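Participant: One structure follows; several queries about it will come next.
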Amino acid sequence: MSAGAWEGRDEPWGLRPPSDGAAERARLEERARAPWAVGGLLAWSLAAGLLLLTLGGLGGRPDLALLGVPAVLGSLWGLWTRPRGEVWVDVERADGGTGGSGGLEARVRLTAPPGTEAVRLRVGRLSHGTTEALVDVPLTRVLGVSATSVRTGAQELFAVEHQGLGPGTYLTGPVGQMPAGRVVVLPRGRRMPGLPLPLRLRGLTGQHESRRPGDGGGLRDVHPFAPGDSPRRVDWRVTARRSPQLEELYVRRTVALAEAPVTLVVDSRDDVGPDVSTWSGLRPIRPDDATSLDLARQAAATIAEGYLGAGDRVGVEDLGVRRRALRPGAGRRQLDRIVHQLALLRPEGQPARRLRAPHLPAGSLVYLVSTFLDPEPAQLAQVWRRAGHRVIAVDVLPRLREQGLERRELLALRILRMDREDRLAELVAGGSELVRWAEPEEATRGLLQLARAHRRPGAGVGR
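For the record, in the sequence shown the residue sitting at position 140 is 140 according to our numbering, with numbers rising by one throughout.
Shown next as structure tokens:
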């Protein structure tokens with residue numbers, strides 16, 4: 001079953017806001033002591049049976065009294081065998097909290113006391129509405145619940161309300177609620193056919209060929225044998241062709257391998273959706289609309305996965321909160337740290353204005369992931385360009401929708417777009433490169449073009 005089919009009705013046992021810990025424990029203890037309520041059908045059956053017995057006894061009509069015996073005995077049997085205890089519900093993430101974006105899946109585990117015939121269940125999630133079901137629970141049962149969503153980061157799971165029903169629905173148990181828990185949805189990157197390299201390659205390890213002589217790379221040149229050269233590098237074919245009398249030996253020299261230092265600078269100050277009318281915060285963003293921060297998480301995760309898979313070192317810098325800087329590292333564990341940190345990014349109040357740009361490792365390839373709705377990210381990019389870094393600006397503003405906007409709102413949006421386009425044009429004119437991430441194909445094509453332009457002979461490698 002899936003949550004999000006339709007909006008819940010206003011009923012007495014509707015979803016309630018979650019309470020604090022002490023109040024929740026007190027409510028659970030009180031609910032455990034609460035007996036199962038007698039339904040109207042059982043009460044009428046017992047009353048009718050007693051009435052028939054009374055009339056038959058007073059009027060000397062044994063046949064009339066016999067008509068009330070089954071109703072009385074059945075009602076008393078239902079009361080005697082009524083379920084004792086309450087229905088317990090536990091909600092847990094189906095994938096253990098390691099799943100990526102695209103949807104939420106959870107397992108609802110129901111435990112009912114003996115004598116329970118069914119459980120009335122209502123599952124709801126913020127922005128998805130609620131779904132109701134009548135579930136047969138033979139003591140225990142596990143149900144799967146899912147909700148489609150493109151959102152990532154910290155989110156609420158599912159809120160569950162339940163009520164046990166006795167045989168024939170004559171008895172109803174107390175209404176219980178399981179508040180929605182908080183989970184972290186990790187961003188999932190995309191595979192890229194190619195990624196650009198920094199202006200200079202650093203380090204002595206990696207998978208990229210530099211112009212420095214060393215081991216592991218391709219052929220650099222053929223050079224006369226010199227002190228320090230290994231005899232195993234002697235190219236006998238070249239030696240026989242150039243020096244038939246073996247007056248001089250020639251060796252094949254190779255280039256060294258190096259790594260690409262990459263820094264992901266993510267602007268977490270903005271989290272806006274494609275619907276401009278939701279930017280004020282008065283209206284919620286639809287769960288099927290990816291916000292700018294969702295796109296930023298996906299872009300950063302994609303870039304980090306590509307470079308770390310090639311043996312490079314990747315670090316993360318957050319423009320919104322300074323304490324979240326992640327030092328450059330390599331390997332699978334570094335990718336896990338980066339993805340988890342990206343999932344925790346969110347706007348936190350009014351960030352303080354930076355007096356200076358964050359310090360980055362020398363020669364880093366800088367990916368500036370932002371919406372560029374204000375001039376600060378573009379100013380930082382100019383500072384890094386003057387410091388000798390290669391800067392690639394990743395625009396994560398979603399494709400905006402203008403339906404339903406008033407005339408003054410359209411005018412304000414037009415002015416904002418003009419300022420933003422001028423800012424991006426100045427950014428490109430200053431030497432930075434631009435990639436738009438709102439469209440997957442356009443983003444892939446843009447990064448591939450930057451990677452191919454970087455592979456010309458002698459470009460992008462350190463001496």
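Don't be surprised by glycine CBs; every beta carbon is placed ideally from N, CA and C.
Only a predicted model underlies this, so the values are computations on that prediction, with no experimental measurement involved.
#1: When you compare the CB positions of ALA299 and VAL394, do they come within less than 8 Å of one another, or not?
#2: Is the Cβ-Cβ distance between ARG297 and PRO351 less than 8 Å?
#3: So what does DSSP say about PRO167, is it helix, strand or coil?
#4: Give the straight-line distance between the Cα atoms of LEU249 and LEU257, rounded to the nearest whole angstrom.
#5: Does the structure place the segment 155-167 close enough to the segment 309-322 that three or more beta carbon pairs sit under 8 Å?
#6: If I'm right that GLU402 touches LEU413 with Cβ under 8 Å, what's the distance once you round it to whole angstroms?
#7: Any idea what DSSP makes of ALA451, helix, strand or coil?
#8: Output needed for PRO12: all residues of its chain with C-beta closer than 6 Å, excluding positions within five of it in sequence on either side, in chain order.
#9: Taking the Cβ atom as the reference point for each residue, do GLU105 and GLY173 lie within a distance shorter than 8 Å?
#10: Can you tell me where the alpha helix (DSSP H) holding VAL339 begins and where it ends?
#11: Give the DSSP bridge partners of ALA393, in chain order.
#12: Tell whether a beta-carbon distance below 8 Å holds between ALA301 and ARG188.
#13: Could you please give me the residues that DSSP links to ARG120 through a beta bridge?
#14: Quick check: VAL119 and GLY164, are their CB atoms within less than 8 Å of each other?
#15: Excluding five sequence neighbours on each side, which residues of the same chain lie with their C-beta closer than 8 Å to the C-beta of ARG452?
#16: Nearest to GLY129 by CA position, among LEU448, ARG408 and PRO284, is which residue?
#17: Is the beta carbon of SER292 less than 8 Å from the beta carbon of VAL396?
#18: Taking only three categories from DSSP, how would you classify VAL145?
#19: Should ARG233 and VAL251 be called a contact, given that it needs their Cβ atoms to be closer than 8 Å?
#20: Just the C-alpha distance for GLY446 and SER370, rounded to the nearest angstrom, thanks.
#21: Expressed to the nearest angstrom, what Euclidean distance is found between the alpha-carbon atoms of LEU308 and GLY331?
#22: So, is ALA429 buried or exposed, given that buried needs 16 or more other C-beta atoms within 10 angstroms?
#23: Pick out whichever of PRO377, ASP288, ALA48 and ASP90 has its Cα sitting closest to the Cα of GLY176.
#24: Rounded to a whole number of angstroms, what is the C-alpha to C-alpha distance between GLN379 and LEU405?
#25: Quick check on the burial criterion: 16 or more other C-beta atoms within 10 angstroms. Buried or exposed for ALA147?
#26: With a floor of 4 residues, list each alpha helix (DSSP H) that falls wholly inside the segment 377-428, ordered by position along the chain.
#27: State buried or exposed for TRP236, treating a residue as buried only when at least 16 other CB atoms are found within 10 Å of its CB.
#28: Compute the Euclidean distance between the alpha carbons of ASP374 and ARG420, then round it to the nearest angstrom.
#29: Report the rounded CA-to-CA distance for LEU264 versus VAL314, giving the unit in angstroms.
#30: Is it right to say SER45 is buried, meaning 16 or more other beta carbons lie within 10 angstroms of its own, or is it exposed?
#31: In terms of residue numbering, what span does the alpha helix (DSSP H) encompassing ALA296 cover?
#32: Should ASP111 and THR140 be called a contact, given that it needs their Cβ atoms to be closer than 8 Å?
#33: How should VAL142 be labelled, buried or exposed, when 16 other C-beta atoms within 10 angstroms of its C-beta is the threshold for buried?
#34: Return helix, strand or coil for ARG242, following the three-state DSSP convention.
#35: Out of curiosity, what's the CA-to-CA distance linking SER280 and VAL184?
Facilitator: Once the coordinates are examined:
#1: In this structure, the beta-carbon distance from ALA299 to VAL394 falls below 8 Å.
#2: In this structure, ARG297 keeps its C-beta atom at 8 Å or more from the C-beta atom of PRO351.
#3: Looking at PRO167 - three-state DSSP - the assignment turns out to be helix.
#4: Between the alpha carbons of LEU249 and LEU257 lies a distance of about 26 Å.
#5: Verdict: no, contact absent.
#6: Yes, GLU402 and LEU413 are in contact; Cβ-Cβ is about 7 Å, under 8 Å.
#7: ALA451 falls in the helix class under three-state DSSP.
#8: Unreliable positioning characterises PRO12 in this predicted model, as indicated by a pLDDT of 34, which lies under 50. A coordinate reading is not provided.
#9: In this structure, GLU105 sits away from GLY173, with a CB-CB distance that is not shorter than 8 Å.
#10: Residues 332-343.
#11: LEU368 and LEU434.
#12: Taking 8 Å as the Cβ cut-off, ALA301 and ARG188 qualify as a contacting pair.
#13: ARG120 is bridged to LEU134 and GLN163.
#14: Yes, the pair counts as a contact, with Cβ atoms nearer than the cut-off.
#15: So the list reads GLY194, once near-sequence residues are dropped.
#16: Each of LEU448, ARG408 and PRO284 was checked against the Cα of GLY129, and the nearest Cα belongs to PRO284.
#17: By the CB criterion at 8 Å, SER292 and VAL396 fall inside the cutoff.
#18: In the three-state DSSP reduction, VAL145 falls in the strand class (E or B).
#19: It is a contact, given that the beta carbons lie within the stated cut-off.
#20: Cα to Cα, GLY446 sits roughly 16 Å from SER370.
#21: One C-alpha to the other measures close to 6 Å.
#22: Exposed, because fewer than 16 other Cβ atoms sit within 10 Å of the Cβ of ALA429.
#23: When each option's Cα is compared against that of GLY176, the closest is ASP90.
#24: Going from the Cα of GLN379 to the Cα of LEU405 covers about 31 Å.
#25: Classified as buried, ALA147 has 16 or more neighbouring CB atoms from the shown chains inside 10 Å of its CB.
#26: Assignment of alpha helix (DSSP H) within the segment 377-428, counting only whole runs of 4 or more residues, yields no such run.
#27: TRP236 should be labelled exposed.
#28: Straight-line Cα distance between these residues: approximately 8 Å.
#29: So the two alpha carbons sit approximately 7 Å from each other.
#30: Label assigned to SER45: buried.
#31: Here the alpha helix (DSSP H) through ALA296 covers 292-309.
#32: Strictly speaking, residue 111 in this sequence is Thr, with Asp absent from that position. A contact, by the Cβ cut-off of 8 Å.
#33: A residue is called buried once 16 or more other Cβ atoms fall within 10 Å of its Cβ, and VAL142, having fewer, is exposed.
#34: Of the three classes helix, strand and coil, the one that applies to ARG242 here is helix, per DSSP.
#35: A direct Cα-Cα distance of roughly 25 Å separates SER280 from VAL184.
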